[in-house]
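First the structure, in the form of structure tokens, and then the observations on it.
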DNA sequence: TTTTGTGAAGACATTCACAGCG
DNA sequence: CGCTGTGAATGTCTTCACAAAA
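Protein chains in written order, with our numbering: chain A, 1 to 243; chain B, 1 to 243.
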């Protein structure tokens, strides 16, 4: 896992020879290698993955930034700049090797190994997530399921994950080395569950409850809120009525 | 529906009396009333709704921008500026009336009436969405369900929506005045379904398929991609390993 | 030639800081 | 007094335009 970012910013500033920088300590140099990567760029990396998959399916081996831009409706310069934050992946005069770029994006996104996740909440949404086959192809797997009422949900078929009581959350997460929690419980319960997940040692949380939850800064939280997406849609639809 | 935006930019520039502007046609005036609202602001409006609901539940009647900011971890000036795009909702020296602001946000977001939606795809995800009670409290309702194979899915109980064949998409959407489509079908089928929805006359689409779909510019598309959210999480988790 | 990678310019978004109002 | 509403300042992101490379 630790080598996931070896390719990052691997460029040496051309104005400085290695020898020179060996002898003289230069204040700006460490800053240069830690150029800040915009959040907006990171969000687009998944889209690039998506369209590269599509291109692979169509048998395309080399794609220019213009071609990629067309597929995700972005500016070509945007794509070149985004990729350039992480290295020099293209060939001037030709474009990007689709397969190669795809591999590099996987490394950058940290999905070279499979992330184990714990699902909390086996209601409607939880069950759908559990059945969601696409997770695995993206490098994620639900490895344990918890619910306040372990009896509920679909009857447990053989080969299905057992629904565990909340009491066993911490030991199970430790034992199975789970690093991500998915919160699919009602809003009222969400903050409590987040606290338990943090206590159990997860480092990332995907929260489906439409409420603001907090966690220490070393735990990353991503909120997925359907209501908010629909409201955004509604805003734009109402606005069109005005014209 | 058309009155949903009457409160927008209802401020009269103080430098011009009403009489004055009645008599003389001023070029800049129409521009002033159409000040462009940042997308980032619009995305935050749903969050404001969420924290106002929370405040209401706690019995809070008046809240300052500082108080609201603390609840959604934003800068107070951000909140004041966002709200100021749509009118003067606050009282100087006091703050914002929670109830009143909530009502105004509903009008701004266009959720004063209930939006009817058609769900396409009655698989795992579709079924979960169908059972998702929260939609209604946000002003949205699934009014018709379609699937390539109408027989599948949960056995149809009385009082449950029938699963209709795709053939009936267009007439049903017309007949029931449905304006939003939810795409919960596999990636390969997504673009085709989007085309059918557009043809049937919907104006907004919520797409759960992890693929880039296109529609004419008069149809608004919002993508919800779980894989992409997880990849974003993965990126941040991998990065923390580096330090 | 073609297309990348990248400074510089431009567009957009956030925060500051304070006048103005209750 | 306290807090909003808002220009001005700052910060961030996107796009342009071109030198450098294959």
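Yeah, the Cβ is synthetic: ideal placement off N, Cα and C, and Gly gets one too.
Close beta carbons around residue i, own chain, < 7 Å, minus the five adjacent residues each side
i	result
residue 178 (chain B)	116, 117, 118, 143, 144 and 202
residue 240 (chain B)	none
residue 176 (chain B)	116, 143 and 144
residue 190 (chain B)	183, 207, 209, 211 and 213
residue 60 (chain A)	98
residue 148 (chain A)	166
residue 44 (chain A)	82
residue 125 (chain B)	184 and 208
Contacting residues, own chain, Cβ-Cβ under 6 Å from residue i (five flanking each side not counted)
i	result
residue 223 (chain A)	207
residue 80 (chain A)	65
residue 161 (chain B)	145
residue 186 (chain B)	none
For residue i, the residue or residues it bridges with in DSSP
i	result
residue 147 (chain B)	B:165
residue 220 (chain A)	A:204
residue 118 (chain A)	A:144 and A:181
residue 62 (chain B)	B:97
residue 90 (chain B)	B:96
Cα-Cα separation, residue i to residue j
i	j	result
residue 197 (chain B)	residue 109 (chain A)	34 Å
residue 37 (chain B)	residue 86 (chain B)	9 Å
residue 53 (chain A)	residue 132 (chain B)	31 Å
residue 170 (chain A)	residue 237 (chain B)	20 Å
residue 166 (chain B)	residue 150 (chain B)	8 Å
residue 122 (chain A)	residue 216 (chain A)	26 Å
residue 168 (chain B)	residue 78 (chain B)	47 Å
residue 25 (chain B)	residue 39 (chain A)	Low local confidence applies: a pLDDT of 31 at residue 25 (chain B) is under 50, so the model's placement there is unreliable, with the coordinate-based value given in what follows. Rounded to the nearest angstrom, the two C-alpha atoms are 45 Å apart.
residue 226 (chain A)	residue 76 (chain B)	26 Å
residue 137 (chain B)	residue 218 (chain B)	27 Å
residue 193 (chain B)	residue 35 (chain A)	42 Å
residue 141 (chain B)	residue 134 (chain A)	27 Å
residue 74 (chain A)	residue 74 (chain B)	29 Å
residue 172 (chain A)	residue 172 (chain B)	49 Å
residue 58 (chain B)	residue 235 (chain B)	37 Å
residue 195 (chain B)	residue 195 (chain A)	44 Å
For residue j and residue i, believed in contact at Cβ under 8 Å, the rounded distance
i	j	result
residue 120 (chain B)	residue 184 (chain B)	7 Å
residue 231 (chain A)	residue 46 (chain B)	5 Å
residue 244 (chain A)	residue 205 (chain A)	With chain A covering only 1 through 243, there is no way to say anything about residue 244 (chain A).
residue 42 (chain A)	residue 71 (chain A)	About 19 Å separates the two Cβ atoms, so there is no contact after all.
residue 233 (chain B)	residue 113 (chain A)	Residue 233 (chain B) to residue 113 (chain A), Cβ: 14 Å. No contact.
residue 111 (chain A)	residue 139 (chain A)	4 Å
Neighbourhood of residue i by C-beta, 8 Å cutoff - its chain only, sequence neighbours within 5 removed
i	result
residue 174 (chain B)	200 and 201
residue 228 (chain B)	210
residue 56 (chain A)	98, 99 and 102
residue 96 (chain B)	62, 63, 64, 65, 68, 83, 89 and 90
residue 49 (chain B)	102, 105, 106 and 109
residue 130 (chain B)	119, 122, 142, 145 and 161
Note to self: Beta carbons nearer than 9 Å to chain B: which residues of the region 117–128 of chain A have them?
What the structure shows: Residues 117, 123, 124, 125, 126, 127 and 128.
Checklist line | Interface positions of the region 70–97 of chain B facing chain A (Cβ-Cβ less than 8 Å), listed along the chain | finding: Residues 71, 72 and 73.
Check: Got a sec: which bits of the region 215–242 of chain B sit with their beta carbon under 8 Å from any beta carbon on chain A, in order along the chain?
Finding: Answer set for the region 215–242 of chain B: 218, 220, 222, 224, 225, 226, 227, 228, 229, 230, 231, 232, 233, 234, 235, 236, 237, 238, 239, 240, 241 and 242.
Next item on the list: Report the residues of the region 37–51 of chain B with a CB closer than 8 Å to any CB of chain A, ordered along the chain.
Entry: Of all residues in the region 37–51 of chain B, 42, 43, 45, 46, 47, 49, 50 and 51 have a Cβ within less than 8 Å of some Cβ in chain A.
Notebook entry, point to check: the region 188–213 of chain A: which residues have C-beta closer than 7 Å to a C-beta of chain B, in chain order?
Noted result: Contacts with chain B (Cβ-Cβ distance below 7 Å) from the region 188–213 of chain A involve 203, 204, 206, 210, 211 and 212, listed in chain order.
Notebook entry, point to check: Closer than 8 Å, Cβ to any Cβ of chain B: which residues of the region 159–189 of chain A, in chain order?
Noted result: Of all residues in the region 159–189 of chain A, only 179 and 180 place a beta-carbon less than 8 Å from a beta-carbon of chain B.
Note to self: Closer than 8 Å between beta carbons: that is the criterion. Which residues of the region 97–113 of chain A meet it against chain B?
What the structure shows: Here the close residues are 108, 109, 110 and 111.
Notebook entry, point to check: Mind listing which residues of the region 56–71 of chain A have their C-beta closer than 7 Å to chain B's C-betas, in chain order?
Noted result: So the close ones are 71.
Checklist line | Against chain B: residues of the region 134–150 of chain A by CB proximity under 9 Å | finding: Answer set for the region 134–150 of chain A: 134, 135, 137, 138, 139 and 140.
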